[in-house]
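Read the structure below first, then the notes.
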Amino acid sequence: PDKFLLDYPVGNLVLDTGWRGSSLYNGDGLYPGGVTSPGGGEVSQIFDKLSQDAFRVAVIGPDPDTEWNYQIRCRVLDDLNNLVPETKDVVAVDARTAPQNTSNLFQ
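Residue 5 is where the sequence shown starts when you use my numbering, and the numbers rise one by one after that.
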C-alpha cells in the first residue's frame, strides 16, 4: 500500500489519501491505521489556485517493492479564456534515490 499527501501551498496539507492498496496488509505495522481503500481511485477538485505557484505531492510506500503512479489535472485557460483540463502523468520513481519534482509541471 501507498499513501498520497498533497500540500497547497507547500506546507499546508490539503489531501491525505490514507493507505491505499490490498486489505491483506491490515494489521501490518508498516501501515498504521490500516488500509483505507483499494489501490485505484480518483480525487477531484482538491484546491483552487491562490497566489502560490507550487504544490507538493508526496507518495509514501514503505515496502521497497511498491509501485505507484498518479496523474495531475489542472484547469487552464485556453486561447479564448475558457477553462479546459490539462493532464500530466507522473511515473513511478524510487524517491529514496531520485526525488520527483512536480513543481514546474504546468508552467
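Cβ atoms here follow ideal geometry from the backbone N, Cα and C, with glycine treated the same way.
Cβ-Cβ distances below 6 angstroms link LYS53 to nothing in the same chain once the five nearest sequence neighbours on each side are left out. Close CB contacts of GLY43 within its chain, under the 8 angstroms cut and outside five residues either way in sequence, are with PRO5, ASP6, ARG24, GLY25, SER26 (chain order). Distance from the CA of GLN75 to the CA of ASP83, rounded to the nearest whole angstrom, comes to 24 angstroms. About 12 angstroms separates the beta carbons of LEU87 and ARG77, which is beyond the 8 angstroms limit, so they are not a contact pair.
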